[in-house]
Every structure is written in structure tokens, then in C-alpha cells.
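Numbering (this note's numbering), first residue to last: 198 to 414. Here is the structure we will look at, set down as C-alpha cells.
Take a look at the structure:
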């Protein structure tokens with residue numbers, strides 16, 4: 198006689214089916230969540246790389262040229278004993294950018310020849326971080342301020358942190374004929390930035406690249 202209940206076997210089968218479905222659903226939801234986290238992380242990394250190199254691209258367009266080494270002394274230069282030890286190369290860029298006053302007007306060293314004083318804007322990496330340092334021209338009226346590492350930022354503004362998790366920051370220099378040349382001969386600069394991070398056990402990496410030409414002066 199059927200009493201309207203379930204046999205032990207039926208209960209066991211139902212429990213097994215429900216458990217299997219629960220595992221499948223949880224697995225699906227977990228995979229969906231993790232994949233969404235990966236995509237969000239990659240999107241954030243790419244946006245960070247784009248913002249960093251867009252800042253660099255703007256600085257290149259406003260700069261006059263690449264300096265082989267810094268033209269203004271830096272007490273936080275790579276060599277503690279040489280305040281002029283910054284060097285433009287494949288992973289360090291020293292831009293000569295016109296100094297401006299508080300009205301955003303050029304500070305001229307020769308107004309008749311339209312020659313301006315130049316600040317140095319230095320792009321470099323340290324401990325997987327891309328930084329922008331300013332070495333301000335030591336002249337009256339210059340609105341720029343020299344920056345320094347965060348540890349010393351009580352005495353001066355801190356260097357601007359542009360990107361973290363930097364795996365590669367690569368620079369190439371080209372002349373007007375599109376030949377690759379030493380930094381001091383460049384009319385344009387190509388910069389490639391690759392970021393890499395560990396997210397939920399997976400290594401994610403993104404890459405962004407720009408190329409920009411200097412202003413005329």
C-alpha cells in the first residue's frame with residue numbers, strides 16, 4: 198500500500214541529484230564571478246596604462262626635445278654622489294619642457310629669439326611603479342616645483358605615481374625620417390607600457406603603446 202511517502206532509495210537519489218545540481222550551479226556562479234573579476238581587473242589595468250601614457254604623450258607634445266641627462270641638479274638622482282646622473286635610455290625619459298609662470302605664459306631666457314627656460318620631466322620606474330618627476334628650472338617666475346620621492350615629500354611635492362605593477366616600460370626614439378636614433382636626436386618618442394598582476398591565482402597582463410612628436414623650438 199502507498200502511504201504517499203518516499204522510500205529511502207528515493208530520498209537518497211533525490212539528495213544526490215540536488216547535491217549534484219547545487220555543485221554545478223555553485224561552480225557556474227563561481228566561474229562567472231571569477232571571470233567577471235578577471236575582466237574588470239584587466240579593464241582597470243588597461244585604463245591605468247592608458248592614463249599613464251596619455252599623460253606622457255601630452256608631455257612629449259609640449260616638450261622641445263629629449264635631454265641626454267638632467268640639466269638641473271637632483272638631490273635624489275640615481276647616483277647619490279652625482280646630482281646629474283639621470284640618463285635618457287630605453288627605460289628612462291628626460292623631457293625638456295618649457296617653463297611657464299602662474300599665468301601659464303612662457304618664461305623666456307631670450308625673448309627676442311623666443312627661447313624658453315626648460316624644466317625637466319623625468320619618466321622612470323622603481324619597484325614596479327612608473328613615476329613622473331619634475332626638476333624645475335631655477336629661474337624667477339617659474340611656476341613649476343621640483344618633486345622628490347614620497348619618503349622625502351615633507352620637503353617637496355612627491356613624484357607623481359602613474360602606474361603600478363609595471364612589468365615593462367620601454368622607450369624608442371626616432372628622427373624625422375623614422376630612423377631609430379639616440380635619445381638626444383629624437384623628433385618623436387614611442388613608449389610601451391606593460392602591466393602585470395596576480396588576480397585569484399591567474400597572471401593578468403595588459404599592454405598599451407603611444408608615439409608622439411615634439412613641439413617646434
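We treat Cβ as the ideally placed atom computed from N, Cα and C, and that holds for glycine. Owing to the predicted nature of the structure, the values given are computational and were not obtained by experimental measurement.
Nearest candidate by alpha-carbon position, reference residue i, set the options
| i | options | result |
| --- | --- | --- |
| residue 355 | 363, 235 and 341 | 341 |
| residue 285 | 382, 264 and 304 | 264 |
| residue 287 | 308, 374, 389 and 212 | 389 |
| residue 295 | 315, 233 and 253 | 315 |
Under 9 Å between C-beta atoms of residue i and residue j
| i | j | result |
| --- | --- | --- |
| residue 386 | residue 369 | yes |
| residue 410 | residue 384 | yes |
| residue 171 | residue 305 | Not covered by the structure: residue 171. The range shown for the chain is 198 to 414. |
| residue 359 | residue 238 | no |
| residue 353 | residue 365 | no |
| residue 270 | residue 332 | yes |
Per DSSP, cross-strand counterpart(s) of residue i
| i | result |
| --- | --- |
| residue 266 | 284 |
| residue 304 | Paired residue(s): none; residue 304 is not in a bridge. |
| residue 316 | 294 |
Spatial distance of residue i from residue j (CA atoms)
| i | j | result |
| --- | --- | --- |
| residue 240 | residue 210 | 45 Å |
| residue 262 | residue 372 | 11 Å |
| residue 379 | residue 268 | 18 Å |
| residue 255 | residue 278 | 32 Å |
| residue 266 | residue 357 | 20 Å |
Residue range of the unbroken beta strand (DSSP E) whose run includes residue i
| i | result |
| --- | --- |
| residue 366 | 363–371 |
| residue 326 | 326–332 |
| residue 391 | 385–396 |
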